[in-house]
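Undergrad: Take this structure, written in structure tokens, and hold onto it; I'll ask about it next.
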Amino acid sequence: MKSIVDKKDIGLLKRCLMYLFPYKLRVITTFFCIVFCLILQIIEPLILGKVIALLFSKEFEKLSVMLMYLFVTELFVTILSFFQSYLFSSLSENIIYDLKRDMFQKIIELPVKAFDQMKVGEFISRLQGDTATVASILTNQLINTAIDILRVAIICIVVFQISIPLSLVIVISFPVTFLIFTFSGKKIRKQSEELAKLNDSYFSNLQQSITGIREIKSLGIKKIKINQFLDLAILLKEKNININIISTVARSLSQFTSFLSQLCVMAIAGFLIYKGQLNIEYFIAFTSYSSQLTGSLMNITQISSNIQKALTSLERIFNLLDEFGYKKEKFGDLDKQHIEGEIKFCNISFGYGDDLRVVDNLSFTIAKNNTTAIVGSSGGGKTTIFNLLLHFYEADTGAILIDGMDIKHFNEETLRTHISIVHQTPYLFNATFAENMLIANEKATEEEMITICKKIKIHDYIMSLPHGYKTVIEENGANLSGGQKQRIAIARAMLKKSKIILFDEATSSLDNETQQMVKELISSMSHDHTVVVIAHRLSSIIDSDEILVIDAGKLVGQGSHWNLLNDNFTYKKLYESELECRELIS
Ligand SMILES: Nc1ncnc2c1ncn2[C@@H]1O[C@H](COP(=O)(O)OP(=O)(O)OP(=O)(O)O)[C@@H](O)[C@H]1O
Ligand SMILES: [Mg+2]
């Protein structure tokens with residue numbers, strides 16, 4: 028007969044039990060609570076049998092003593108059960124916390140590539156749903172199963188002392204129950220795996236619908252989204268019902284089996300009492316034990332399906348903790364307090380997948396303390412150059428050097444401290460204006476923040492708000508205009524005071540006047556910073572010290588605006604198409 032858990036599952040459970048390890052004292056206390064409770068519960072039927080026998084023999088003095096014993100036993104059972112529940116819930120909550128802590132630390136360490144391929148909902152589903160399932164099963168249910176197994180073992184020993192034929196009847200029903208829960212457990216495992224995948228899609232769909240609500244409304248696709256949501260909710264509902272049906276059928280079958288065995292017990296007990304081989308006192312104790320046995324076996328039946336659910340969740344949690352098979356972000360250990368800021372790309376080739384090369388044998392140098400612009404048609408690989416410089420992705424071939432040193436050798440802090448970026452679509456946190464701007468540099472002062480905000484013309488707007496710089500920005504700047512978001516992101520990057528500052532289309536949403544202010548701010552910084560600007564509007568970068576022209580991942584030109592306009596076909600085409608656009612608009 029195949030076991031309900033295989034070798035891999037045992038590995039998962041062992042790893043999971045490690046989470047109980049820090050709470051060994053609590054686990055030991057729980058264990059003793061359980062054992063005492065169990066002993067008392069096993070003694071109780073014997074006292075009860077005696078009480079009933081004394082009732083019939085009318086020995087009231089002895090009866091009152093026995094009733095006292097019964098009262099004290101039950102009182103202790105109640106107290107111990109309370110402690111047991113308290114310890115279970117404290118263990119469970121602590122394990123949930125530990126799992127969430129480990130998972131979040133892992134998520135934040137995952138390479139950017141993992142986030143390209145995983146849906147946000149999948150992370151949430153694992154972090155929320157799976158941890159709760161595992162913790163509840165690991166503490167409450169797994170420990171309860173251990174108690175039930177212990178109870179079954181002890182009761183078996185006791186009942187065999189009372190009557191061998193009656194005990195045999197009960198024991199014969201075990202294999203049947205075992206078969207039922209093995210079979211149902213396997214089915215539930217499969218269904219649980221499907222349920223977990225459905226949950227991923229459900230959370231992902233929900234998250235996308237909420238974050239994309241503006242697009243949904245403006246595209247007029249509310250109905251489509253509602254239908255998608257309902258389809259998933261219905262599938263989830265059906266899957267849950269299916270799982271419940273399997274558990275219920277298994278429970279009912281094992282209930283019926285135990286009823287049959289109890290029926291046989293009654294028949295045989297009647298015969299034994301008639302023959303004088305069993306007295307009423309033990310018969311009462313026996314029936315109480317057999318109902319405890321039935322209850323425990325029923326719980327074991329139930330736990331088997333819960334263990335299957337937990338195994339599915341455990342697999343998903345450890346899969347995340349093992350980084351989904353993604354290699355951890357690799358950094359060196361070189362710690363540099365100061366850098367000069369010269370950047371060099373040496374024969375860099377890179378593709379996001381295996382098939383397409385986005386950057387092809389790219390080599391260029393960006394001088395320190397200069398403003399360099401990167402231009403080129405959309406999809407040409409400009410943002411990818413920044414992604415590689417930030418070490419979000421590793422190049423397939425070649426090396427990226429800062430001050431002549433491969434960025435692979437820098438430790439993470441050095442790389443993140445010395446490079447700032449304002450993204451094409453900046454992300455703002457659900458925090459105050461001040462917190463959003465000062466978050467990356469705890470040494471930056473409020474005065475510096477205000478000076479920069481004045482320069483980029485956002486100060487007056489912030490001051491017009493009821494709480495000024497302490498006003499809370501909604502998630503991802505939902506209560507701000509595109510230009511305001513960009514300005515906050517620019518201020519944040521400036522305040523970080525990195526030697527290298529990257530702007531990826533960072534001024535596209537600004538009006539001409541503010542764009543001019545930002546341009547002036549950038550050029551005032553460039554005498555002691557390396558500034559690299561990606562821009563679609565060539566008019567905004569014609570003053571740059573150097574311009575790199577990128578086309579289909581290749582460097583097709585490098586020089587000043589006027590040199591490129593005379594000598595470079597791609598640049599000339601880009602410039603002319605921009606002029607045409609401007610003429611069309613005016
Ligand atoms: N995370 C990603 N996963 C897979 N492919 C990507 C990813 N990011 C970009 N690409 C692909 O790489 C190519 C270059 O993209 P990139 O964002 O570098 O272009 P770009 O020059 O910045 O374009 P734009 O001017 O429109 O911002 C595109 O074909 C794009 O589809
Ligand atoms: Mg881009």
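Numbering (our numbering), first residue to last: 28 to 613.
Glycine included, C-beta positions come from ideal geometry on N, C-alpha and C.
Is DSSP giving residue 161 helix, strand or coil here?
TA: Here residue 161 is taken as the residue at index 134 of the sequence shown, counted from 1. Residue state, collapsed to three classes: helix.
Undergrad: Name the two residues that bound the continuous alpha helix (DSSP H) containing residue 148.
TA: The residue you call residue 148 lines up with position 121 of the sequence shown. First-last of the alpha helix (DSSP H) with residue 148: 147-152.
Undergrad: Rounded to whole angstroms, what is the Cα-Cα separation between residue 600 and residue 581?
TA: Position 573 of the sequence shown, counted from the start, is the residue given in the question as residue 600. Position 554 of the sequence shown, counted from the start, is the residue given in the question as residue 581. Answer to the nearest angstrom: the Cα atoms are 16 Å apart.
Undergrad: Around the Cβ of residue 111, are there at least 16 other Cβ atoms within 10 angstroms (buried) or fewer (exposed)?
TA: Here residue 111 is taken as the residue at index 84 of the sequence shown, counted from 1. So residue 111 counts as buried.
Undergrad: Which value, in whole angstroms, describes the spacing of the CA atoms of residue 284 and residue 196?
TA: One-based indexing of the sequence shown puts residue 284 at position 257. One-based indexing of the sequence shown puts residue 196 at position 169. Cα to Cα, the separation comes out at about 11 Å.
Undergrad: Please determine whether the Cβ atom of residue 531 lies at a distance below 8 Å from any heavy atom of ligand 1.
TA: In the sequence shown, the residue the question calls residue 531 occupies position 504. Yes - ligand 1 has a heavy atom lying nearer than 8 Å to the Cβ of residue 531.
Undergrad: Would residue 391 pass as a contact of residue 575 if the rule is Cβ separation under 9 Å?
TA: Mapped onto the sequence shown, residue 391 falls at position 364. Mapped onto the sequence shown, residue 575 falls at position 548. Contact: yes.
Undergrad: Per DSSP, what kind of secondary structure is residue 271 in: helix, strand or coil?
TA: As a first step, residue 271 is located in the sequence shown; it is residue number 244 there, counting from the start. Here residue 271 sits in helix by DSSP.
Undergrad: Report the partner residues of residue 303 according to the DSSP bridge assignment.
TA: Stepping through the sequence shown from its first residue, residue 303 is reached at position 276. Paired residues: none, contrary to the question.
Undergrad: Which whole runs of the beta strand (DSSP E) in the stretch 516-587 are 3 residues long or more, in chain order?
TA: If we require 3 residues or more, the beta strand (DSSP E) runs fully inside the stretch 516-587 come out as 527-531, 557-561, 573-578, 581-586.
Undergrad: Please go through the same chain and pick out, in chain order, the residues whose beta-carbon is closer than 8 Å to the beta-carbon of residue 70, but skip the five residues on each side of it.
TA: The count along the sequence shown starts at 1 and reaches residue 70 at position 43. Excluding residues within five positions, the ones whose Cβ falls inside 8 Å are 100.
Undergrad: Hey, out of 142, 270, 484, whose CA is closest to residue 547's CA?
TA: As a first step, residue 547 must be located in the sequence shown, where it is residue number 520. That would be 484, whose Cα lies nearest to the Cα of residue 547.
Undergrad: How many Å lie between residue 39 and residue 496 at the Cα?
TA: If you number the sequence shown from 1, residue 39 lands on position 12. If you number the sequence shown from 1, residue 496 lands on position 469. If I take the Cα positions, the gap works out to 49 Å.
Undergrad: Name the two residues that bound the continuous beta strand (DSSP E) containing residue 371.
TA: The count along the sequence shown starts at 1 and reaches residue 371 at position 344. Run containing residue 371: 370-377, per the beta strand (DSSP E) assignment.
Undergrad: Does the beta carbon of residue 407 fall short of 8 Å from some heavy atom of ligand 1?
TA: Position 380 of the sequence shown holds residue 407. Yes, the beta carbon of residue 407 sits closer than 8 Å to at least one heavy atom of ligand 1.
Undergrad: Using the C-alpha atoms, what's the distance from residue 469 back to residue 522?
TA: By 1-based counting over the sequence shown, the position of residue 522 is 495. By 1-based counting over the sequence shown, the position of residue 469 is 442. Each residue's alpha carbon lies about 10 Å from the other.
Undergrad: Give the single residue among 171, 186, 564 whose Cα lies nearest to the Cα of residue 296.
TA: To locate residue 296, count along the sequence shown from 1; it is residue 269. If we check each option's Cα against that of residue 296, 186 comes out closest.
Undergrad: Mind checking which residues open and close the beta strand (DSSP E) that includes residue 397?
TA: The sequence position of residue 397 within the sequence shown is 370, counting from 1. Counting along the chain, residue 397 falls outside any beta strand (DSSP E), and DSSP gives it neither H nor E.
Undergrad: Could you tell me the distance, in whole angstroms, from the CA atom of residue 321 to the CA atom of residue 269?
TA: Along the sequence shown, one-based indexing puts residue 321 at 294. Along the sequence shown, one-based indexing puts residue 269 at 242. Whole-angstrom Cα-Cα distance: 25 Å.
Undergrad: Between the beta-carbon of residue 152 and the beta-carbon of residue 230, is there less than 9 Å?
TA: Sequence index remark: in the sequence shown, residue 152 carries index 125 (1-based). Sequence index remark: in the sequence shown, residue 230 carries index 203 (1-based). Against a cut-off of 9 Å, the Cβ pair of residue 230 and residue 152 comes out as a contact.
Undergrad: Just to check, is the beta-carbon of residue 448 closer than 8 Å to a non-hydrogen atom of ligand 2?
TA: Start at 1 with the first residue of the sequence shown, and residue 448 comes out as number 421. Outside the cutoff, so no.
Undergrad: Taking 8 Å as the threshold, find out whether the stretch 81-88 comes into contact with the stretch 119-126 through three or more Cβ pairs.
TA: Touching, no, given that fewer than three Cβ pairs across the two stretches are closer than 8 Å.
Undergrad: How would you label residue 29, buried or exposed, when you count the other beta carbons within 10 angstroms and need 16 or more for buried?
TA: Position 2 of the sequence shown, counted from the first residue, corresponds to residue 29. For residue 29, the predicted structure reports a pLDDT of 45, less than 50, and the residue's modelled location is therefore unreliable. A value from the coordinates is still provided. Residue 29 should be labelled exposed.
Undergrad: Can you say whether residue 239 is buried or exposed, counting buried as having 16 or more other CB atoms within 10 angstroms of its CB?
TA: Position 212 of the sequence shown, counted from the start, is the residue given in the question as residue 239. Under this definition residue 239 is an exposed residue.
Undergrad: Let me confirm a value: residue 120 is counted as buried when at least 16 other C-beta atoms fall within 10 Å, else exposed. Which label applies?
TA: Along the sequence shown, read from residue 1 onward, the residue named residue 120 stands at position 93. Burial call: exposed.
Undergrad: Within a Cβ cutoff of 8 Å, which residues of the same chain sit near residue 79, ignoring the five residues on either side of it in sequence?
TA: By 1-based counting over the sequence shown, the position of residue 79 is 52. If we look at residue 79 and ignore the five residues flanking it on each side, its Cβ neighbours are 307, 308, 311.
Undergrad: For residue 289, which residues from the same chain have a beta carbon less than 7 Å from its beta carbon, with the 5 sequence-adjacent residues on both sides left out?
TA: Numbered from 1 along the sequence shown, position 262 holds the residue referred to as residue 289. The answer, listed in chain order, is 317.
Undergrad: Tell me whether residue 452 sits in a helix, a strand or coil according to DSSP, three-state version.
TA: Here residue 452 refers to the residue found at position 425 of the sequence shown. In the structure shown, residue 452 sits in coil (DSSP, three-state: anything other than H, G, I, E or B).
Undergrad: Could you tell me the distance, in whole angstroms, from the CA atom of residue 354 to the CA atom of residue 579?
TA: Indexing the sequence shown from 1 puts residue 354 at position 327. Indexing the sequence shown from 1 puts residue 579 at position 552. When rounded, the distance between both Cα atoms is 28 Å.
Undergrad: Could you have a look at residue 129 and say whether DSSP puts it in helix, strand or coil?
TA: As a working note, residue 129 is residue 102 in the sequence shown. DSSP places residue 129 in helix when its eight states are reduced to three.
Undergrad: Would residue 341 and residue 564 be called neighbours here (beta carbons separated by less than 9 Å)?
TA: In the sequence shown, counting from the first residue as 1, residue 341 sits at position 314. In the sequence shown, counting from the first residue as 1, residue 564 sits at position 537. No, these two residues do not count as a Cβ contact at 9 Å.
Undergrad: Please tell me whether residue 605 and residue 566 are closer than 9 Å, where the distance is taken between their beta carbons.
TA: Indexing the sequence shown from 1 puts residue 605 at position 578. Indexing the sequence shown from 1 puts residue 566 at position 539. Yes, the pair counts as a contact, with Cβ atoms nearer than the cut-off.
Undergrad: Given this structure, state the Cα-to-Cα distance separating residue 514 from residue 480, to the nearest angstrom.
TA: Reading the sequence shown from its first residue, position 487 is the one you call residue 514. Reading the sequence shown from its first residue, position 453 is the one you call residue 480. Computed Cα separation, rounded: 8 Å.
Undergrad: For the alpha helix (DSSP H) containing residue 199, list its first residue and its last residue.
TA: Reading the sequence shown from its first residue, position 172 is the one you call residue 199. Segment 191-238, the alpha helix (DSSP H) holding residue 199.
Undergrad: Measuring CB to CB, does residue 211 end up less than 9 Å from residue 273?
TA: Position 184 of the sequence shown, counted from the first residue, corresponds to residue 211. Position 246 of the sequence shown, counted from the first residue, corresponds to residue 273. Yes. Within cutoff.
Undergrad: To which residues of the same chain is residue 77 closer than 7 Å at the C-beta, ignoring the five residues directly before and after it?
TA: By 1-based counting over the sequence shown, the position of residue 77 is 50. 93, 308.
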